[in-house]
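The listed protein sequences derive, respectively, from chains A and B. Under our numbering, the first residue of the first sequence is numbered 72, with each subsequent residue one higher. Under our numbering, the first residue of the second sequence is numbered 28, with each subsequent residue one higher. Virtual Cβ for every residue (Gly too), placed ideally from N, Cα, C. Since the model is a prediction, treat every value here as computed from it, not as a measurement. This report refers to the structure that appears directly beneath it.
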Amino acid sequence: MAMRYLAGPQQHASIATNQIMLQVIYACAPGIAIAIWYFGFGILLNILLASLFAVAFEALALRLRGLSPAPQLRDNSVLVTAVLFALTIPPGSPWWLVGSGIGFAVLIAKHAFGGLGQNPFNPAMCGYLVLLLAFPLDMTTWHVPNAQLLDGQSFTPFSWNGLRQSLLASFPFLIGSESTLVPYIDGLALATPLIEFKMAGTSAILTALDTNAAVLGKAAGTGWELMNIGYLIGGLYLLYRRIISWHIPVSIIVTVSAISALFYAPNSFAIYGTPYLHLLGSATMLGAFFIATDPVSAATTTRGKLVYGLLIGCSIYSIRVWGSYLDSVAIAVLFGNFCAPLLDHLCRPRIYGHRKSRSLPAMQEQDR
Amino acid sequence: MSSTNFLHLPRQQLRRRKIFGGIKPAPHKAASLRSRIMPMPLPPQLILPINQYHGTNSSPLVKVGDAVLKYQALTEKLDHTGAALHAPTSGRITAICSAPIAGHPDNAALCIHLQCDGDDNSLELQPCLNHDQLTGFEVLRKIDAAGIVGMGGAGFPTAHKLRLAIEHGTELLIINAAECEPYISTDEALLRERAREVVIGAELLRTACHAPRCVIAIEEDKPAAIAALRSALAHSPIELMLLHSTYPTGGEKQIVQAVTGLEVPVGQYPLNLGILLHNAGTAYAVYQAVAEGKPSISRIITLTGRALQTPKNFEALIGTPVAFLLKLCGVQEQHHLTTVMGGSLMGLQLAHTEAPVTKTTNCLIAATVEDFPQPEPELACIRCGFCAEVCPARLLPQQLYSFARTHNHTQLQSYGLDDCIECGACAYVCPSNIPLVQYYVAAKQELRTLSVAREQSEHWQTRFQFHQYRTKQEKDSARERRIPTALSPVELLPTDSSPITSVQFSRQLAQQEIADAVARANAKRSSRLATDTQMPQHPAKDKE
Chain A
72 MAMRYLAGPQ
82 QHASIATNQI
92 MLQVIYACAP
102 GIAIAIWYFG
112 FGILLNILLA
122 SLFAVAFEAL
132 ALRLRGLSPA
142 PQLRDNSVLV
152 TAVLFALTIP
162 PGSPWWLVGS
172 GIGFAVLIAK
182 HAFGGLGQNP
192 FNPAMCGYLV
202 LLLAFPLDMT
212 TWHVPNAQLL
222 DGQSFTPFSW
232 NGLRQSLLAS
242 FPFLIGSEST
252 LVPYIDGLAL
262 ATPLIEFKMA
272 GTSAILTALD
282 TNAAVLGKAA
292 GTGWELMNIG
302 YLIGGLYLLY
312 RRIISWHIPV
322 SIIVTVSAIS
332 ALFYAPNSFA
342 IYGTPYLHLL
352 GSATMLGAFF
362 IATDPVSAAT
372 TTRGKLVYGL
382 LIGCSIYSIR
392 VWGSYLDSVA
402 IAVLFGNFCA
412 PLLDHLCRPR
422 IYGHRKSRSL
432 PAMQEQDR
Chain B
28 MSSTNFLHLP
38 RQQLRRRKIF
48 GGIKPAPHKA
58 ASLRSRIMPM
68 PLPPQLILPI
78 NQYHGTNSSP
88 LVKVGDAVLK
98 YQALTEKLDH
108 TGAALHAPTS
118 GRITAICSAP
128 IAGHPDNAAL
138 CIHLQCDGDD
148 NSLELQPCLN
158 HDQLTGFEVL
168 RKIDAAGIVG
178 MGGAGFPTAH
188 KLRLAIEHGT
198 ELLIINAAEC
208 EPYISTDEAL
218 LRERAREVVI
228 GAELLRTACH
238 APRCVIAIEE
248 DKPAAIAALR
258 SALAHSPIEL
268 MLLHSTYPTG
278 GEKQIVQAVT
288 GLEVPVGQYP
298 LNLGILLHNA
308 GTAYAVYQAV
318 AEGKPSISRI
328 ITLTGRALQT
338 PKNFEALIGT
348 PVAFLLKLCG
358 VQEQHHLTTV
368 MGGSLMGLQL
378 AHTEAPVTKT
388 TNCLIAATVE
398 DFPQPEPELA
408 CIRCGFCAEV
418 CPARLLPQQL
428 YSFARTHNHT
438 QLQSYGLDDC
448 IECGACAYVC
458 PSNIPLVQYY
468 VAAKQELRTL
478 SVAREQSEHW
488 QTRFQFHQYR
498 TKQEKDSARE
508 RRIPTALSPV
518 ELLPTDSSPI
528 TSVQFSRQLA
538 QQEIADAVAR
548 ANAKRSSRLA
558 TDTQMPQHPA
568 KDKE
C-alpha cells in the first residue's frame with residue numbers, strides 16, 4: 072500500500088484558480104470581439120503585446136523573488152491583468168507604452184507587494200493610471216473607425232490597410248519614411264473628442280449634443296454601446312458561472328444609474344449625462360463586472376462588497392461630472408481598493424452563536 | 028440553570044430551516060448501501076482502548092491471562108466521564124499495553140488485547156420486554172451499565188449527557204440522523220433496516236431525559252430511510268423532520284439551527300437551550316442496551332472506497348483491527364492508496380491499518396487515486412470569498428488564513444478562530460487548494476501553547492517574587508535577632524511579622540498592584556485637573 076499524507080478534506084470542488092482566471096478571459100470575449108469590430112486589430116495587438124510582456128515580467132519578478140516561475144505562471148492571473156490592461160489603453164498604442172504600463176502593473180503594483188493575493192490595488196488599473204499620468208497624449212489618442220485619413224485613403228479596420236495601420240501604430244520603428252507617419256498621426260488626432268466621450272468628459276458630450284450631433288447614433292457611439300453590452304453579457308456569464316458574486320456589479324450599476332437619474336435634467340445646460348450614457352457610453356460595464364470585482368483588491372464580505380460598489384459608483388459619477396480627470400473608472404476602483412480593508416473590517420458578518428459581530432479587543436492595556 | 032430562550036417551544040410548530048453556508052458535495056454513499064448491514068466473522072484478536080473518549084477515566088477490571096466471556100465487563104469507570112467497556116466476544120486477555128489508536132491525541136492509548144477463542148461463549152443476557160414501562164432513572168441506569176458513548180463521533184458518554192440534560196431541563200430531544208458527510212452511510216443503512224429499533228431507542232432516551240418533544244432529523248436525500256422511519260413512527264409521538272441535504276447540517280450546532288432556528292450561544296451547549304442531541308446510532312445502542320440487555324460491543328461501520336471490491340456496512344465488533352475489515356471487503360492492495368477513518372471531509376488518515384475500530388468509528392474509506400486524487404499544488408489566496416459563502420459559522424476564512432499565516436493572534440481571536448468547527452467546507456471550495464483547516468488547527472494549537480506559556484510565566488514570576496520576599500524576610504528576621512532594638516527596614520509589603528504562604532503572597536501582590544494603579548490614576552487625574560486651565564497637558568509620568 073502506497074502511503075501518502077493527504078491534507079484533509081480529501082474531496083474538493085472542481086473549479087480551480089487557473090480555471091477562474093481563464094473564465095474571466097473568456098467572459099471578456101464578447102466585448103473584445105465588438106471592440107475589434109469597431110477599432111480594428113489594434114485592440115488585439117494590444118492584448119497580444121500586453122500578454123507577452125506580462126508573462127515575461129511575471130517570470131522575471133518570480134525569478135527575482137527566488138521562486139520558480141512555472142507553477143505560478145500557470146495560475147493565469149497575470150493574463151487577466153494583461154487583458155484588462157490592454158482593454159483600457161487606446162488601440163494602436165506603441166509597444167513601449169504597452170510594455171511600460173504592464174511592466175509597472177506586474178513588477179510594482181503586483182509583485183512589489185508580495186505577488187498574487189497580496190496586492191492592495193488592482194494592478195491593471197495601476198498600470199493604466201501610471202501611463203495616463205506619464206503619457207497623457209498617447210493615452211487619449213484613439214483610432215477613428217471608418218475615418219477618412221488625410222490623404223483620402225479610406226480606413227476600415229478589417230482591410231489590409233487597417234491592419235497595416237494598426238501594426239505601424241504598435242511598432243512605429245517599422246515605418247520607413249516620415250511621410251507616412253505625419254498624416255497618420257494627424258488622422259489619429261481626430262479621435263480625441265471620441266475619447267473624451269468615452270471617458271465621459273462631459274463637456275465633449277455636451278458640445279456634441281449642442282451641435283445636434285447624434286452622439287450615440289454615430290458609429291463610434293454605437294460601438295461603445297455595443298462594447299458595453301458585450302461586457303455586460305460577459306459579466307452575466309461570470310455571474311452564471313458563480314465566479315463573481317452579484318454584489319459589486321449590481322451595487323455599482325444601481326448607484327451609477329440612481330445618481331445619474333437624480334442629477335439628470337433633460338433641458339438644462341447642466342453638465343450631467345443621461346443614465347443611459349453613463350451606463351453604456353463609457354467603461355462602466357467593464358469596470359463593474361471585470362475590474363471592480365478583482366477579488367484580491369476588492370472587499371470580500373457581503374455587506375462590504377455592497378458598500379464598496381456604492382463608493383465606486385459614487386466616485387465614477389463624481390469624477391466624470393465634477394472631476395477634472397477624463398477617465399473615472401480606474402480612479403474610482405483604486406479609491407475603492409483603498410477603502411476595501413476598512414470595509415471588510417467594519418462589515419464582518421455576525422458569527423454563529425454571537426450576539427453581534429465582534430469588535431477588536433480593546434487595545435492591550437498599552438498605557439500600563 | 029434552566030433554559031431561557033426556549034420556553035415556548037412545546038406549542039411551537041417546528042419547521043426546517045437553513046443553516047449558514049454549507050456545501051453539497053457528491054455523496055458517494057450508493058456503493059456501500061447496495062448491500063444490507065452484514066454481521067462479521069470473529070477476528071483473531073481484538074484491541075480495546077480502555078478510555079473511549081479523551082478525558083474519560085476508566086480502569087481495567089481484568090488481568091493479563093484472564094479468560095473472559097462475551098458481554099463481560101472489562102473496565103469500570105472511575106468517574107462520570109468514563110464509560111464501561113465489555114468483551115465483544117469470549118477469549119483470553121493477552122496484554123494490556125499501549126497500542127496505536129486513530130484520532131487519539133497521542134495516536135496511541137492503553138488497550139486491552141483480547142485473543143478470541145472463536146467459541147463466542149457469552150454471559151446470559153437479560154432482555155427487558157416491558158421497556159416502555161421503565162422509569163427514566165431505570166433507563167439511565169441501564170444505559171450507564173452498557174457503556175454507551177455518543178456514536179456520532181465525539182464519544183461523549185451518553186449516560187453523563189443525559190444526567191446533564193436532566194439537570195438543565197430538556198424540552199426537545201433531537202435524534203440526529205443527518206449524516207451529511209460524504210461516504211458515510213451507517214445511519215442511513217441502520218434506519219433503512221432497523222428504524223423500529225431506533226424509534227424505540229429514541230423513546231427510551233426521551234423517557235430518560237424527560238423531554239416533552241422528540242424530533243428525528245434526517246436529510247431529505249435518503250428516501251429508503253425516510254420511508255422506513257415513516258412506517259416506524261406511525262403510532263409514535265416522535266416527529267420526523269426532513270432537512271435540506273447540505274453539509275454540515277449534521278454538525279451539533281448546525282442541526283440545532285436547522286431544526287429550531289436557534290443558534291447555540293458561544294461558549295454554551297445545546298443543553299443550555301434545553302435541547303438534547305443524540306445520534307441515531309446511539310439511539311439504536313440504547314435500544315439494544317435496554318430492550319435486549321446487550322452492552323455496547325458492536326457498532327455499524329461503513330466500509331467503502333474504490334479499493335474495496337464489495338463496499339458495505341458491517342456490524343463490527345469494537346476492537347476489530349481495520350485491516351481485518353478491509354480484507355473482508357476484498358481490498359485490492361495494488362490500488363489501495365490510503366485509508367481514511369471518517370468521511371472524506373473531516374476524516375483522519377490512518378497511519379497504519381492495525382489500529383482498531385472504536386465506539387466512535389463510523390466509516391473507513393479504502394481510497395484509490397480516483398477517490399482522492401493527488402491535490403493540486405497550493406496556490407496563492409485570491410480572496411475570492413467562496414469560503415466565506417460556505418462557512419457554516421459565518422466566519423471569514425480568507426481573513427483567518429492571512430492572519431494565521433502572519434501569526435496575528437489578536438486578529439485571529441477577534442475574527443472568531445475559536446468558532447471554527449473545522450468542517451472543511453472552506454477548503455472544499457477553495458480554488459487555490461489551500462488546506463485551510465490545517466492552518467486553523469495549527470493556529471489554534473499555537474494560541475493554546477501561548478496561553479499555557481503565559482500562565483506558566485506568570486506562575487514562575489510569582490514564585491520568583493515570593494522567593495525574593497522570603498529571602499528578604501529571612502534576612503530581616505536574622506538581623507532582628509542580632510539587634511533586637513534596631514528599626515525594621517522599610518518593608519516591601521505591608522505584612523505582619525508572621526511569614527506568609529505563597530498563595531497569600533500572590534494575593535497581596537495583586538492587591539498592592541491594584542492599589543498602586545488606582546493611586547497612579549488618581550494622581551494623573553488630579554495633575555490633569557490642575558494643569559487643564561493653564562496649558563496643554565504633558566503625558567503624566569509614573570513615579571514609583
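Query                                                                                                                                                                                          : Result
Give a yes or no on whether the minimum CB-CB distance between Gly17/B and chain A is below 9 Å.                                                                                               : Because chain B in this structure spans residues 28 to 571, residue 17/B falls outside the shown range and cannot be described.
With DSSP as the reference, label Pro516/B as helix, strand or coil.                                                                                                                           : Low local confidence applies: a pLDDT of 49 at Pro516/B is under 50, so the model's placement there is unreliable, and no value is given.
Exposed or buried, what is Cys411/B when buried is set at 16 or more other beta-carbons lying within 10 Å of its beta-carbon?                                                                  : buried
What residue range does the alpha helix (DSSP H) around Leu155/A cover?                                                                                                                        : 148-159
Would you mind listing the alpha helix (DSSP H) stretches within the stretch 318-367 of chain A that are 4+ residues and don't spill past its ends, in chain order?                            : 318-334, 346-351
Going by DSSP in three states, Thr560/B sits in which element: helix, strand or coil?                                                                                                          : Because the pLDDT at Thr560/B is just 49, under 50, the model does not fix this residue reliably, and the point stays unresolved.
Shorter than 9 Å from the beta carbon of Thr371/A to some beta carbon of chain B?                                                                                                              : yes
Could you please give me the residues that DSSP links to Ser171/A through a beta bridge?                                                                                                       : Note: Ser171/A sits in no beta bridge, so no partner.
Output the distance between the C-alpha atoms of Glu267/A and Ile390/A, rounded to the nearest integer angstrom.                                                                               : Because Glu267/A sits at a pLDDT of 45, beneath the cut-off of 50, its placement in the model cannot be relied upon, and the point is left open.
At the 9 Å Cβ level, is His182/A part of the contact set with chain B, yes or no?                                                                                                              : no
Taking C-beta pairs closer than 9 Å, name the residues in chain B that Gly306/A reaches, listed in chain order.                                                                                : Neighbours of Gly306/A on chain B: none; closest Cβ ~16 Å, over 9 Å.
Hey, how far is the Cα of Val286/A from the Cα of Ile387/A?                                                                                                                                    : Residue confidence is low: Val286/A scores 41 on pLDDT, short of 50, so the model does not pin down where it sits. Its coordinate-derived value is still stated next. For Val286/A and Ile387/A, the distance between alpha carbons rounds to 21 Å.
Strictly under 9 Å for the Cβ-Cβ distance: is Lys196/B near chain A by that measure?                                                                                                           : According to the sequence provided, residue 196/B is Gly. The question's Lys does not apply to it. Chain A, which has no Cβ nearer than 9 Å to the Cβ of Gly196/B, makes this no.
Under 8 Å by Cβ, that's how I've got Cys197/A and Val154/A pegged, so tell me the actual separation to the nearest angstrom.                                                                   : In fact, because the Cβ distance is near 15 Å, the residues do not count as touching under 8 Å.
In three-state terms, what does DSSP make of Thr309/B?                                                                                                                                         : helix
At a Cβ threshold of 9 Å, is Ala513/B touching chain A?                                                                                                                                        : Because Ala513/B carries a pLDDT of 48, less than 50, the predicted location of this residue cannot be relied on, and the following value inherits that uncertainty. It does not: the Cβ of Ala513/B has no partner Cβ on chain A nearer than 9 Å.
Is the distance from the Cβ of Ser241/A to the Cβ of Asn147/A below 9 Å?                                                                                                                       : no
Less than 9 Å between the beta carbons of Ala452/B and Pro275/B, yes or no?                                                                                                                    : yes
For Gly137/A, which residues in chain B fall below 7 Å Cβ to Cβ?                                                                                                                               : Near Gly137/A there are no residues of chain B at all, since even the closest Cβ is about 16 Å away, more than 7 Å.
What is the residue span of the alpha helix (DSSP H) that Thr329/B lies within?                                                                                                                : No alpha helix (DSSP H) contains Thr329/B, which is instead part of the beta strand (DSSP E) from 325-331.
By how many angstroms is the C-alpha of Val151/A removed from the C-alpha of Ile96/A?                                                                                                          : 6 Å
Go through its chain and collect everything with a Cβ distance to Lys169/B's Cβ below 6 Å, but skip five positions before and after it.                                                        : Ala316, Val317
Short of 6 Å in beta carbon distance, which residues of its chain neighbour Asp144/B, apart from the five on each side in sequence? Order them along the chain.                                : Ser117, Gly118
If you reduce the DSSP assignment to three classes, tell me which class Leu232/B lands in.                                                                                                     : helix
Should Lys51/B be labelled buried (16 or more other beta-carbon atoms within 10 Å of its own) or exposed?                                                                                      : exposed
Closer than 9 Å, Cβ to any Cβ of chain B: which residues of the stretch 356-369 of chain A, in chain order?                                                                                    : Asp365, Pro366, Val367, Ser368, Ala369
Taking the straight line between their C-alpha atoms, what separation do you get for Ile243/B and Leu138/A?                                                                                    : 54 Å
I need the boundaries of the alpha helix (DSSP H) containing Ile392/B, first residue and last residue.                                                                                         : Looking at the DSSP string, Ile392/B is not in any alpha helix (DSSP H); the run it does join, the beta strand (DSSP E), is 390-394.
Residues of chain A with a CB under 9 Å from the CB of Asp446/B: which are they?                                                                                                               : Ile422, Tyr423, Gly424, His425
So, for Val253/A: in the same chain, excluding its five sequence neighbours on each side, which residues have a beta-carbon less than 7 Å away from its beta-carbon?                           : Note on Val253/A: pLDDT 37, under 50, position unreliable in the model; no value is reported.
Answer yes if the stretch 367-375 of chain A comes into contact with the stretch 326-335 of chain A, meaning at least three C-beta pairs across the two stretches below 8 Å, and no otherwise. : no
With 9 Å set as the bound, which would you pick, yes or no: does the beta-carbon of Glu290/B sit closer than that to a beta-carbon of chain A?                                                 : yes
Within 10 Å of its beta-carbon, does Ile315/A have 16 or more other beta-carbons around it, so buried, or fewer, so exposed?                                                                   : buried
Select from the stretch 117-128 of chain A all residues with a C-beta closer than 9 Å to any C-beta belonging to chain C, and list them in chain order.                                        : Absent from the structure: chain C. Protein chains present are A and B.
Can you tell which of Trp295/A, Trp393/A, Leu414/A, Ser237/A has the C-alpha that lies nearest to the C-alpha of Ile319/A?                                                                     : Leu414/A
Three or more C-beta pairs closer than 8 Å, one from the stretch 157-173 of chain B and one from the stretch 393-409 of chain B: is that the case here?                                        : no
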